[in-house]
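Scroll down for the structure; my scribbles are underneath it.
Take a look at the structure:
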């Protein structure tokens, strides 16, 4: 337990700041128009302000109560993020099989439960399965290997 | 009998060998993904949707329907065997389903769930086919003001009724609507919040958003947590699955009550399957002569909520298909998928494209039927799938989500969007912010904006004239009442908590 309910304090404050920022950005860039002929800015500005209001409604009551601690799982977050980024960078340049293989192997690092050998086997199996489903079966226009050397 | 003719037309459209194959594939894949613990129906549906983008519309819709039922059913399987509900509506199934499994009656529980899904689903489809044409005809007179009012009511109901914190539900709806403004403004053609990116001009895709929020978000919060599946595989053998005569006798009345309750609550905005399941369970406990058996493996406590949530799953399509207004996040996802296939649900859909509409309705029914035929023999397979360790499953899910996101437009920007929404989903979980209203707001946001702008043009900027219209005014007043009531109720709850000197209960 923490002395204050920081989960809701951060969530509420974050939403308020985001809403205000979006409203301010839309106000400076897009025209508001009039009520009968609304411009592109009207909706984002009003939504941003409403969001800021609800953010406050979450933020203020949380100041005066205790809350549970926050423990983000940095290891899982990093491993899965790198895995997905790897896939995105490799799918166009290297092809489906390398992208799937590396994404799967890196994703296994999010938990420490699996050995490198089984990770490699899993990656290979997934490469085969996805190739069979998406290229052979569904005929997606993706190359299995796209070596450009 | 116009209804029979319509249903016949639907059957004709839906029953071709190719369509049946896709329905089968959808049910199979849906159950497969839905069974995986921690993957709820929303995540499963959003992962499997991109596959249907390659099919022609009728086949795609039938496969979608199959996926939809399969995921719901798969979620119930995980609830009964592991006590891990994949969705809130399945949480009620845990109450008596898991005790049944612990008593060695898992097979019977799964068997009865399958039957209950079919009974509830069929009842819901009958209600859907009876009421949709009537509501659609009525809705033809609606102008932009009425649509705007109905959508506001839907959004308010969705964020207040089912959520423990109305402020959080509302803020997520608004955030969803705000995220939906990214991209080209349909009226002026100006790109909003695009920051010069070409990929953002089209806005965020619903599949990228759903896969990120519900797929990656769920994986991020469930990796690294301890799990040990402990399932008695023998109880899921065929000979241990057949319910006794007493089971049947105890089940038929709850099935009827559950279907009716489900059909009613499913069609209302904001309530949907979860509330229907809870209500059906509560009613069953109330009418039972032996309420003390509930929670210890009473078959009525399993059958009633299961029929209710399946009937509600069907009738939830009434507002979605006749008005184009989804009442829940799942329906929003279905609506999004229909729109990807070029189908704009609304009152004119039934009149102008009867084959498509009734084909869709009948494919729901075929989906239910295939579920029944497929799952009774395959329960053993699903049980074995539950025993696969999660550390092999989640990398596979990540890979499939990546390919799914990429394949929609062959654009790597979509994969990055999935990651972004996944991180957002994880942050929202840390802050106890519900993700479902965000998706609903995202889908309804642009529609609300268009209808509001149109109604303001028609009313020459006079908002009072919108309230003057009888239907729009009444609906808006209902939404306002609902808001005031929830604010009042949450203030009173807080005061009571303070008086009792208890810390605030955590959400969920």
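Protein chains in written order, with the numbering used here: chain A, 253 to 401; chain B, 448 to 955. Note that CB positions come from ideal geometry on N, CA and C, so glycine has one too.
- With the criterion set as a beta carbon lying under 8 Å from some beta carbon of chain A, the members of the segment 619-652 of chain B are 621, 622, 624, 625, 628, 632, 634, 635, 637, 639 and 640, in sequence order.
- Straight across, the Cα-Cα distance linking residue 732 of chain B with residue 653 of chain B is about 40 Å.
- Under DSSP, residue 319 of chain A takes part in a beta bridge, and its partners are A:254.
- When secondary structure is reduced to three states using DSSP, residue 264 of chain A falls in the helix class.
- The distance from the Cβ of residue 559 of chain B to that of residue 746 of chain B is about 6 Å, consistent with a contact at the 8 Å cut-off.
- Taking residue 621 of chain B as the centre and dropping the five residues before and after it, the same chain places the C-beta of 888 closer than 8 Å to its C-beta, in chain order.
- Taking a 10 Å sphere around the C-beta of residue 486 of chain B, we find 16 or more other C-beta atoms and assign the residue as buried.
- In the three-state DSSP reduction, residue 284 of chain A falls in the coil class, being neither helix nor strand.
- Taking 8 Å as the Cβ-Cβ cut-off, the segment 320-347 of chain A approaches chain B at 320, 322, 324, 325, 327, 328, 329, 332, 333, 335, 336, 337, 339, 340, 341, 343 and 344, given in chain order.
- Excluding sequence positions up to five before and after residue 726 of chain B, its CB lies within less than 8 Å of the CB of 708, 712 and 755, all in the same chain and listed in chain order.
- Residue 688 of chain B sits in coil when the DSSP states are folded into three classes, being neither helix nor strand.
- Using a CB distance cut-off of 8 Å, residue 287 of chain A counts as an interface residue toward chain B.
- Per the DSSP secondary-structure output, residue 559 of chain B pairs with nothing in a beta bridge.
- Taking every protein chain shown into account, the CB of residue 548 of chain B has 16 or more other CB atoms within 10 angstroms, so this residue is buried.
- Per DSSP, reduced to three states, the secondary structure at residue 639 of chain B is strand.
- Nearest in C-alpha terms to residue 257 of chain A, of all of A:319, A:369 and A:384, is A:319.
- Between the alpha carbons of residue 665 of chain B and residue 905 of chain B lies a distance of about 44 Å.
- Boundaries of the alpha helix (DSSP H) around residue 831 of chain B: 801-833.
- The Cβ of residue 859 of chain B sits closer than 8 Å to at least one Cβ of chain A.
- When the beta-carbon positions are compared, residue 358 of chain A and residue 331 of chain A come within less than 8 Å of each other.
- Taking C-beta atoms as the reference points, residue 774 of chain B and residue 719 of chain B count as a pair closer than 8 Å.
- Around the beta carbon of residue 313 of chain A, 16 or more other beta carbons sit within 10 angstroms, so the residue counts as buried.
- Here the segment 596-605 of chain B lies against the segment 919-930 of chain B, with 3 or more beta-carbon pairs under 8 Å apart.
- Taking the C-beta atoms as reference points, residue 563 of chain B is found nearer than 8 Å to residue 753 of chain B.
- Taking the C-beta atoms as reference points, residue 619 of chain B is found nearer than 8 Å to residue 884 of chain B.
- Close partners of residue 896 of chain B in chain A (Cβ separation under 8 Å): 295.
- In the structure shown, the three-state DSSP call for residue 601 of chain B is helix.
- Taking each of B:826, B:660, B:629 and B:579 in turn and checking the Cα distance to residue 488 of chain B, the smallest one comes out for B:660.
- Cβ contact annotation for residue 694 of chain B (same chain, cutoff 6 Å, sequence separation greater than five): 746, in chain order.
- Counting other Cβ atoms within 10 Å of its Cβ, residue 830 of chain B reaches 16 or more and is therefore classed as buried.
- Neighbours of residue 303 of chain A in chain B, taken as residues whose beta carbon is under 7 Å from its own, are 618, 621, 622 and 625 in chain order.
- For residue 483 of chain B, none of the residues of chain A pass the 9 Å Cβ criterion, the least Cβ distance being about 15 Å.
- Per the DSSP secondary-structure output, residue 290 of chain A pairs in a beta bridge with A:285.
- 843, 845, 846, 849, 850, 853 and 854: these are the residues of the segment 843-856 of chain B whose beta carbon lies less than 7 Å from some beta carbon of chain A, given in chain order.
- Taken in chain order, the unbroken stretches of alpha helix (DSSP H) that lie wholly in the segment 853-879 of chain B and span 4 residues or more are 859-877.
- Rounded to whole angstroms, the separation of the alpha carbons of residue 706 of chain B and residue 798 of chain B is 28 Å.
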